[in-house]
Amino acid sequence: MGLFKGGLKRRSLGQIAGFLILMSAASRVLGYVREIVLTTVFGQGPLTDAYKAAFLIPDVLYLILIGGAFSTAFIPVLSGYFTKGEDEEAWKVASTILNFVLVAVTVGIGLLYLAAPWVVLHFISPGYAVETQALTIYLTRVMLIQSFFMCLSGIAQGICHVHQQFTAPAVGPLLYNIAIIVIGLQLMDQYGIRAFAYGVVIGSFLNFAVHVPYLVKLGFRYYPVLDLRHPGVVEFFRLALPVILGLSVIYLNTFVTQYLGSWLAPGTVTLLNNANRLMQLPVGVFAIAIATAYFPRLAESVSAGEMAAFKKQLTAGINQIFFLLVPASVGLWAVSEPLIRALYLQGRFTDHNVVVTAQALALYAIGIVGYSQQQMLNRGFYAVRDTRSAVLMNVVVIGTNIALSFLLVGPMDFRGLALAYSIAGMLAMVLLFVVLRQKIGAFGGRHIAQSLVKVLVASAVMLLAVRLTLFGLDGLTLTSKAAQLLVLGMAITIGMASYTGMALILRIDEMEEAVGSLRRKLRL
1 MGLFKGGLKR RSLGQIAGFL ILMSAASRVL GYVREIVLTT VFGQGPLTDA YKAAFLIPDV
61 LYLILIGGAF STAFIPVLSG YFTKGEDEEA WKVASTILNF VLVAVTVGIG LLYLAAPWVV
121 LHFISPGYAV ETQALTIYLT RVMLIQSFFM CLSGIAQGIC HVHQQFTAPA VGPLLYNIAI
181 IVIGLQLMDQ YGIRAFAYGV VIGSFLNFAV HVPYLVKLGF RYYPVLDLRH PGVVEFFRLA
241 LPVILGLSVI YLNTFVTQYL GSWLAPGTVT LLNNANRLMQ LPVGVFAIAI ATAYFPRLAE
301 SVSAGEMAAF KKQLTAGINQ IFFLLVPASV GLWAVSEPLI RALYLQGRFT DHNVVVTAQA
361 LALYAIGIVG YSQQQMLNRG FYAVRDTRSA VLMNVVVIGT NIALSFLLVG PMDFRGLALA
421 YSIAGMLAMV LLFVVLRQKI GAFGGRHIAQ SLVKVLVASA VMLLAVRLTL FGLDGLTLTS
481 KAAQLLVLGM AITIGMASYT GMALILRIDE MEEAVGSLRR KLRL
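For what it's worth, UniProt numbering labels the leading residue of the sequence shown as 1, then goes sequentially.
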């Protein structure tokens with residue numbers, strides 16, 4: 001109880017979000033190092049297509065069970081018990097959920113292992129060549145094992161977040177990516193691309209193992225129970241089941257993109273994946289970190305009946321995401337080709353790969369703000385224990401996404417899949433905001449609108465500065481990696497400087513808060 005009430009809780013949301021942003025950035029950088037190693041060694045073709053497709057089932061299984069449903073339902077339920085001082089009941093609820101998840105995931109892994117050939121051939125990669133399909137089946141079966149350890153990590157992460165302990169959940173992904181890179185490079189001469197799949201399994205184990213000392217420190221008590229009638233467990237399933245159903249539908253889009261991409265030119269699945277991962281960088285580094293930092297406080301405010309505090313925190317989170325993610329979206333669109341060239345143009349990655357991947361990235365970048373606000377707004381619904389409304393809105397959005405994917409892939413090829421994804425993200429943001437406002441009442445709409453206008457003006461100036469910089473450097477010879485990085489670095493630096501300057505001129509609240517915090521630290 002002391003940990004929940006004291007020490008760690010005194011850290012400000014800004015400090016927590018800042019720490020998570022830094023750790024998430026480090027993890028994402030390692031993730032991109034992993035992808036760069038893969039494309040450098042194996043190119044952007046059938047081998048990497050098989051690897052990306054094999055990641056699909058275990059990744060979606062984790063996102064549905066842990067990354068989405070269990071984490072968002074787990075935290076509010078446990079937070080309620082700890083807030084009331086009912087620690088023993090909280091641990092019984094946590095133990096029951098843990099035991100249930102382990103049984104369900106073990107059975108799921110077994111069934112999917114047996115069904116892998118049928119699933120791959122009919123739903124994931126029907127358009128692949130026979131040898132690529134065979135490799136996809138093998139890699140899928142290997143990487144299914146990661147789901148077991150990732151589910152353990154998800155439960156452990158939820159417990160840590162309830163106690164506002166963010167270190168282990170932040171370090172775990174670093175170990176995960178390091179293991180994939182190191183083991184993949186060490187064993188690839190012997191096992192080829194299979195070595196990276198083995199690294200995935202070992203990395204997922206390390207991701208869980210790093211949580212264990214923190215669970216001991218937090219006083220975790222395990223009970224060998226499966227009390228599915230416990231009120232807390234019933235409440236958990238009441239919140240989780242709509243999210244599971246909704247996310248199952250939502251991730252149909254991932255399968256649709258994979259399915260349609262498998263019929264396009266070899267390497268298409270890889271290029272879409274590489275572009276989407278870069279688009280997800282600012283979402284993961286900033287939006288998810290901010291939403292993760294705010295969510296325990298939002299849930300705690302609702303549990304304590306402090307709705308005014310809840311609305312204030314929600315508004316602050318939305319404004320922070322706009323402040324950071326609007327320029328990120330604009331900037332990533334502006335530097336899409338120099339970025340792809342600097343990161344990937346080496347080894348078996350060709351100039352043609354640069355052009356097509358940059359085109360996909362530019363279209364994906366349009367949706368960054370939408371998917372970023374989706375992270376915050378979803379947690380607003382989860383905090384007030386209304387998972388159904390969020391899920392219904394997301395189902396509507398994903399239906400639109402799937403329809404647009406089938407509609408646009410013909411005339412636009414892979415570009416249509418990227419554009420459909422971005423349009424769906426922007427629609428999600430609008431629908432979630434409108435429905436949440438109807439549910440909880442006004443929560444700073446005027447303040448959000450005023451701040452957003454300033455952010456858009458600053459971002460427009462930044463875009464002009466970046467494009468002029470790239471135009472001025474257009475004559476440089478970009479055959480060397482140093483020249484590629486120089487052009488990219490200058491464009492990013494000038495863009496950041498122009499945005500920061502405009503943010504100060506326009507007196508955007510988030511910029512002034514950052515400056516004020518820096519001044520206070522310098523005085524110390």
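All residues carry an ideal CB built from backbone N, CA and C; glycine is no exception.
Bear in mind that the values here come from a model prediction, so they are computed numbers and not experimental data.
Taking a contact to require three or more Cβ pairs closer than 8 Å, the region 303-322 and the region 434-450 qualify as touching. Of the other Cβ atoms in all chains shown, fewer than 16 fall within 10 Å of the Cβ of residue 471; this residue is therefore exposed. The alpha-carbon separation between residue 112 and residue 148 amounts to approximately 13 Å. At least 7 Å separates the beta-carbon of residue 409 from that of residue 419. By the neighbour-count criterion, in which a residue is buried when 16 or more other Cβ atoms sit within 10 angstroms of its Cβ, residue 35 is buried. With contact defined as three or more Cβ pairs closer than 8 Å, the region 300-308 and the region 343-363 are not in contact.
For residue 129, the secondary structure class from DSSP, reduced to helix, strand or coil, is coil. Ranked by Cα distance from residue 266, the first of 48, 309, 22 is 48. Within the region 260-317, the alpha helix (DSSP H) runs of at least 4 residues that lie entirely inside it are, in chain order, 268-282, 289-303. Counting the other Cβ atoms within 10 Å of the Cβ of residue 515 gives fewer than 16, which makes it exposed. Every unbroken stretch of the alpha helix (DSSP H) spanning 4 or more residues and falling wholly within the region 471-517 is given here in chain order: 481-505. The C-alpha of residue 199 is placed about 14 Å away from the C-alpha of residue 208. With 16 or more other Cβ atoms inside 10 Å of its own Cβ, residue 220 counts as buried.
When Cβ pairs closer than 8 Å are counted between the two stretches, the region 367-375 is seen to touch the region 280-297, the count reaching three or more. Around the beta carbon of residue 84, a 10 Å sphere encloses fewer than 16 other beta carbons of the protein chains shown; the residue is thus reported as exposed. For the region 412-440, there is no continuous beta strand (DSSP E) assignment of 3+ residues that stays within its boundaries. In summary, residue 510 is buried, with 16 or more beta-carbon neighbours lying within 10 Å of its beta-carbon over all protein chains present. DSSP places residue 444 outside both helix and strand once states are collapsed to three, so it counts as coil.
One alpha carbon belongs to residue 139, the other to residue 54, and they sit about 6 Å apart. Between residue 325 and residue 282, the CB-CB gap stays under 7 Å.
Annotation: the continuous alpha helix (DSSP H) that includes residue 98 extends over 87-119.
A direct Cα-Cα distance of roughly 13 Å separates residue 274 from residue 40. Burial state of residue 91 is buried, judged by a 10 Å Cβ sphere holding 16 or more other Cβ atoms. If you draw a straight line from the Cα of residue 25 to the Cα of residue 157, it is about 18 Å long. With contacts defined by Cβ atoms closer than 7 Å, residue 294 and residue 280 do not form a contacting pair.
In the structure shown, the three-state DSSP call for residue 122 is helix. Residue burial annotation: residue 487 is buried, with at least 16 other C-beta atoms found within 10 angstroms of its C-beta. Assignment of residue 161 by DSSP, reduced to helix, strand and coil, places it in the helix class. The three-state secondary structure of residue 335, taken from DSSP, is coil. Under the Cβ criterion (8 Å, minimum of three pairs), the region 189-196 does not count as touching the region 169-176. Taking one beta carbon from each stretch, the region 254-265 and the region 330-339 have fewer than 3 pairs nearer than 8 Å; the two do not touch.
In terms of CA proximity to residue 411, 264 leads the group 490, 264, 452. Of the residues assessed, residue 28 falls on the buried side of the cut-off, its CB having 16 or more other CB atoms within 10 angstroms. Spatial neighbours of residue 401 in its own chain (CB-CB distance under 7 Å, excluding positions within 5 residues in sequence) are listed in chain order as 253, 420, 421, 424. Cβ contact annotation for residue 467 (same chain, cutoff 8 Å, sequence separation greater than five): 334, in chain order.
In terms of CA proximity to residue 58, 146 leads the group 73, 146, 444.
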